[in-house]
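As structure tokens, the structure follows; a few thoughts come after it.
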Amino acid sequence: MTDTDKKTTRAKAGISRRAVLKSGAAAAAASAFPAPMLWAQNIKDITIVHVGQSYSTIPNIAEQANKDLDFKVEMQTAPDLTTQVNRMLSQPKSLDVTDVGNTSLKYYVGRGFLQPMHVNEYKYWDKTVPLFTTGTYPSGEAYSMQGYAPIKAQYYTGPDAKEYSPTPTEWLVGMPLYYNADTLGIRPDLIGRPIESWAELLNPEFAGKVALQDGTGVGVPDAAMALEAMGDLTYVDKGNMTKAEIDATIDKLIEYKRAGHFRSFWTNFDQSVQLMASGEVVLQSMWSPAVTEVRTRGIECKYNGMKEGYRGWYIMMMPMAHLDGLKRECAIEYMNWYNSGWAGAFISRQGFYNSVPENVVPHMTENEYGYWYEGKPATEDILNPFGKVMEKAGVVRDGGSLWDRMGNIGIWNTLMDEDRYLVRRWQDFLAA
Amino acid sequence: MDMNVPPKVASWMQVAPMAFVFVTMTLVPLGIILVVSFLDYDFAQVFPELYLGSWTDALFSQLTMDLYLTVFRFLAITWTITFLLGFWLAYFLVFHVRSNGIRIALLAAAAILFWTPGPIRMVSWVPLLGKEGLVNDTLVALGLIDAPLDWLLYSQFAVVLAYINLLTLAMLGPITHSMAKIPRSLIQAAQDQGASEWQIVRDVIFPLCKPGIAIGTIFICTAVLGDFFIVKIMSGGQTNTPANAIATELAAFQYPPAAAKSVMLLVVVVIMVSIMLRFVDIRKELRR
Numbered sequence: 306m307t308d309t310d311k312k313t314t315r316a317k318a319g320i321s322r323r324a325v326l327k328s329g330a331a332a333a334a335a336s337a338f339p340a341p342m343l344w345a346q347n348i349k350d351i352t353i354v355h356v357g358q359s360y361s362t363i364p365n366i367a368e369q370a371n372k373d374l375d376f377k378v379e380m381q382t383a384p385d386l387t388t389q390v391n392r393m394l395s396q397p398k399s400l401d402v403t404d405v406g407n408t409s410l411k412y413y414v415g416r417g418f419l420q421p422m423h424v425n426e427y428k429y430w431d432k433t434v435p436l437f438t439t440g441t442y443p444s445g446e447a448y449s450m451q452g453y454a455p456i457k458a459q460y461y462t463g464p465d466a467k468e469y470s471p472t473p474t475e476w477l478v479g480m481p482l483y484y485n486a487d488t489l490g491i492r493p494d495l496i497g498r499p500i501e502s503w504a505e506l507l508n509p510e511f512a513g514k515v516a517l518q519d520g521t522g523v524g525v526p527d528a529a530m531a532l533e534a535m536g537d538l539t540y541v542d543k544g545n546m547t548k549a550e551i552d553a554t555i556d557k558l559i560e561y562k563r564a565g566h567f568r569s570f571w572t573n574f575d576q577s578v579q580l581m582a583s584g585e586v587v588l589q590s591m592w593s594p595a596v597t598e599v600r601t602r603g604i605e606c607k608y609n610g611m612k613e614g615y616r617g618w619y620i621m622m623m624p625m626a627h628l629d630g631l632k633r634e635c636a637i638e639y640m641n642w643y644n645s646g647w648a649g650a651f652i653s654r655q656g657f658y659n660s661v662p663e664n665v666v667p668h669m670t671e672n673e674y675g676y677w678y679e680g681k682p683a684t685e686d687i688l689n690p691f692g693k694v695m696e697k698a699g700v701v702r703d704g705g706s707l708w709d710r711m712g713n714i715g716i717w718n719t720l721m722d723e724d725r726y727l728v729r730r731w732q733d734f735l736a737a
Numbered sequence: 268m269d270m271n272v273p274p275k276v277a278s279w280m281q282v283a284p285m286a287f288v289f290v291t292m293t294l295v296p297l298g299i300i301l302v303v304s305f306l307d308y309d310f311a312q313v314f315p316e317l318y319l320g321s322w323t324d325a326l327f328s329q330l331t332m333d334l335y336l337t338v339f340r341f342l343a344i345t346w347t348i349t350f351l352l353g354f355w356l357a358y359f360l361v362f363h364v365r366s367n368g369i370r371i372a373l374l375a376a377a378a379i380l381f382w383t384p385g386p387i388r389m390v391s392w393v394p395l396l397g398k399e400g401l402v403n404d405t406l407v408a409l410g411l412i413d414a415p416l417d418w419l420l421y422s423q424f425a426v427v428l429a430y431i432n433l434l435t436l437a438m439l440g441p442i443t444h445s446m447a448k449i450p451r452s453l454i455q456a457a458q459d460q461g462a463s464e465w466q467i468v469r470d471v472i473f474p475l476c477k478p479g480i481a482i483g484t485i486f487i488c489t490a491v492l493g494d495f496f497i498v499k500i501m502s503g504g505q506t507n508t509p510a511n512a513i514a515t516e517l518a519a520f521q522y523p524p525a526a527a528k529s530v531m532l533l534v535v536v537v538i539m540v541s542i543m544l545r546f547v548d549i550r551k552e553l554r555r
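Residue numbers (my numbering), protein chains in the order written: chain A, 306 to 737; chain D, 268 to 555.
The following block contains the structure:
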């Protein structure tokens, strides 16, 4: 009897709190209210479904989340971006939280699939790197606007989430999660000299030994960086080309393809690792975890920056539009947890940077943080997130510290306005 | 209880479940695809406005010519080689292998390939055909070539090789089935008349195998025309076929052009299969 009374009282308290929050996020904004305390009793039956890809929905992280949080977290991995986007567009209610790269955002904005997060709901906005908060490097200098730069899709104009605002507002499109500076993966043992420019991708010396990521989101920007570095073409914005620029780029690429310059185009992580590890290619566009994986197999693989800059990308986490009430609170709590350090440290060991480096520090050893973020030489062996040795002591991270790399972005991953035309011309390239 | 149902109604009732499934699961979605192919589109959205660009591009562009030329070339080479392999292997199995047990064992052996999952089969081509793979190493060690051959993998050669690897059984099976149905008395009669082995094959066996060959051909046609996965993996993403074009457009969420190309591909496949069906009376084959 007494128990039921207690439960009822608590439930009533929960309802009234919920009602207050439901009366609009404006109320939260006005009162600068921290995330409300979640009663274990109410929320232990709630499951938050997080859908993402293989680099973010890792079982180890789900395990830790379920340990630290009182509600259940279920992670589902989409095998590729197409599947993830299709799921979000056709079954938005089947997931609660998702993380997407900036390049997919154009598919969602203004269509009611996602909802904004208010700045005050995110505990670590003030500690977030300025790449996302102000659109600048820490020095205050604005970064490259080529491609889909973070600041172009970080803020909404208002809570209706219809349009982006290029200047800071209170409404976040999403919580910045990971970012990195990508460059070319290199097999130094098969090349024998340092590679320092994107132009080397198209160097006849490497004909038949070069690979690009398949597709227009990454393969084309990489190719554009190479073509511009060689002086063959000039662009206004490599990340958002005009029809004429697209034609010029594709025609040049067709020439190289017919000459047998490209060994292969890879579509997933495993293929890129296999191409590099087997020696089929000596130079290719690559992701950081793939470089880590090749090194873990005992094969030399370098990932240093080119003088024209890196290719930057970032991923944000956002709540789906259908969430409200207690479930929404749990989702926000989960998102805050994700950036609170443990998950960030785990993924940093794959080479990605977390958007709140301060939170990651207590979860990494001084050696690890020094290697991954500060560009210092490793004082002991560096392990990958699953415990295998990937780097011996004394090695410095390719490219140096966080700001050596993220401070030199030549282009951001992109989804161009002329995407339709680009895809059509990409077909011509593939058929050539 | 005997129901006195008129024969026509009885036939409709028997056909009704299948008809329902066919209409709702096949015809309706096809209809939707056809409608979508005429609509305008933007980033992962389709607008209810008429737009004929997808069709004019699908029907009249140079790209379409290139795509179909490539896939028909693949089809021709694959069909020829799988037919030759399938026919002669079937002939050996049916007419030269005495024991039924060994025949079945050998047929099962031909299917060993499919005991491994698809992705592993795809991945294992690299250590075999790669620049530092088994084939190249052997050829270099034997002194037959100076430098590794790079056209063994990530090329159109590799695509056709994978097709042959995968689809020979599809030819072997139906042809074996057809050959096994040939009454031995026919062969004996031909031998009594003094026919040589080659004449028997040409005049007796081959004509009677036509249904099996046609069925095998239908398998090969649908498999090759509808495949995009093998083409993508084995050619290193550097060859385009109609199915690949559709896959690329779907990955870019451009539904109307993908829909137009799909309808076109479907029409082509249906025409080819209809032609094949002139050579085989399916009902007779299934009656056995």
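Even glycine gets a Cβ: it sits at the ideal position worked out from N, Cα and C.
Model, not experiment: these values are computed from the prediction.
Name the residues in the stretch 557-572 of chain A whose C-beta lies less than 9 Å from a C-beta of chain D; which are they? K562, G565, F567, R568, S569, F570, W571, T572
(Q) By alpha-carbon positions, which one of A:K467, A:K681, A:I491 ends up nearest to D709 (chain A)? (A) A:K681
Can you grab the Cα-Cα spacing for the pair F287 (chain D) / P274 (chain D), in whole Å?
20 Å
Backbone secondary structure at I353 (chain A) - three-state DSSP:
strand
Rounding to the nearest angstrom, what Cα-Cα distance links K557 (chain A) and E550 (chain A) in this structure? 11 Å
Test: S583 (chain A) CB closer than 8 Å to a CB of chain D: yes
- request: Quick one: measure Cβ to Cβ for Q655 (chain A) and S593 (chain A), integer angstroms, because I've assumed they're closer than 8 Å.
  value: 6 Å
By the 10 Å Cβ neighbour count, where 16 or more other Cβ atoms means buried, how is A331 (chain A) classified, buried or exposed? Because the pLDDT at A331 (chain A) is just 46, under 50, the model does not fix this residue reliably, and the point stays unresolved.
So, at 6 Å on beta carbons, what are the nonlocal neighbours of E516 (chain D) in its own chain, with the 5 sequence-adjacent residues on each side left out?
P524, A525
- Task: Identify the contact partners of L515 (chain D) in chain A, using a Cβ-Cβ distance below 8 Å as the criterion.
- Result: Looking at the sequence itself, residue 515 (chain D) is Thr, so the reference to Leu does not match. Within chain A, the residues near T515 (chain D) are V728, W731, Q732, L735.
- Query: Is it true that the CB of Y453 (chain A) sits closer than 8 Å to the CB of N713 (chain A)?
  - Reply: no
Using a C-beta to C-beta distance shorter than 8 Å, which residues of chain D count as neighbours of D494 (chain A)? Those do not exist, as D494 (chain A) stays about 13 Å from chain D at its closest Cβ, beyond 8 Å.
**Report entry** Sheet register partners of R470 (chain A) (DSSP bridge)
**Finding:** The sequence shown places Ser at residue 470 (chain A), rather than the Arg named in the question. In DSSP, S470 (chain A) forms a bridge with A:Y460.
Mind reading off the beta-carbon distance from A516 (chain A) to R568 (chain A)? Whole number of angstroms is fine, and I expect it under 8 Å. 5 Å
* Which residues, in order along the stretch 405-433 of chain D, keep a beta-carbon less than 7 Å from a beta-carbon of chain A? -> D417, Y421
*Quick one: list the residues of chain A neighbouring G385 (chain D), beta-carbon separation under 7 Å, in chain order.*
Per Cβ cutoff of 7 Å: no residues; G385 (chain D) is ~14 Å from chain A at best.
Checklist line | Nearest neighbour of N367 (chain D), chosen from D:L532, D:L330, D:A447, D:S502 [CA to CA] | finding: D:A447
ask   = Since L400 (chain A) and M625 (chain A) are thought to touch, with beta carbons under 8 Å apart, how far apart are those beta carbons, to the nearest angstrom?
value = 6 Å
Give me the Cα-Cα distance between M295 (chain D) and G520 (chain A), rounded to the nearest whole angstrom.
The question names Met, but residue 295 (chain D) is Val in the sequence shown. The alpha-carbon atoms of V295 (chain D) and G520 (chain A) are separated by roughly 32 Å.
Contact belief for I431 (chain D) with C476 (chain D) at Cβ below 8 Å, rounded distance in angstroms: About 20 Å separates the two Cβ atoms, so there is no contact after all.
How about A510 (chain D): is its C-beta nearer than 8 Å to some C-beta of chain A? no
* To do: Ignoring anything shorter than 4 residues or poking outside the stretch 469-503 of chain D, list the alpha helix (DSSP H) runs there in chain order.
  => 473-493, 496-501
Discussion item. Judging by CA-CA distance, which residue of A:N365, A:G417, A:V356, A:K398 is the nearest neighbour of T387 (chain A)?
Written reply: A:V356
Original post:
Of all the residues that make up the stretch 389-403 of chain D, which are near chain A by a beta-carbon distance shorter than 9 Å?
Top reply: V390, V393, P394, G397, K398, E399, G400
For F546 (chain D) and T345 (chain D), I'd like the C-alpha separation in whole angstroms.
20 Å
Residues of chain A with CB closer than 8 Å to the CB of Q521 (chain D), please, in chain order.
R725, V728
Compute the Euclidean distance between the alpha carbons of F424 (chain D) and Y522 (chain D), then round it to the nearest angstrom.
31 Å
- What whole-angstrom Cβ distance do A486 (chain A) and Y676 (chain A) have, given they're in contact under 8 Å? Actually they are not in contact, since the Cβ atoms of A486 (chain A) and Y676 (chain A) sit about 16 Å apart, beyond 8 Å.
Q.
A595 (chain A) and F574 (chain A) - do their beta-carbons sit closer together than 8 Å?
A. yes
| Count the other CB atoms within 10 Å of the CB of L380 (chain D); is the residue buried (16 or more) or exposed (fewer)? | exposed
DSSP-derived helix/strand/coil call for G715 (chain A)
strand
Under 8 Å by Cβ, that's how I've got K353 (chain D) and M438 (chain D) pegged, so tell me the actual separation to the nearest angstrom.
Before going on, a small fix: residue 353 (chain D) reads as Gly here, not Lys. At roughly 3 Å, the Cβ-Cβ gap stays under 8 Å, so G353 (chain D) and M438 (chain D) are in contact.
| said: Considering only heavy atoms of the ligand GTP, does any lie closer than 7 Å to the CB of F546 (chain D)? | reply: Only the bare structure without any ligand can be found here, which leaves the ligand GTP out of the picture.
Under 8 Å, Cβ to Cβ, is there at least one residue of chain D near D519 (chain A)?
yes
* **Cβ-based neighbour list, I496 (chain A), same chain, cut-off 6 Å, excluding 5 preceding and 5 following** => V587
Whose CA, out of A:N545, A:A528, A:Y484, lies closest to the CA of D537 (chain A)?
-> A:A528
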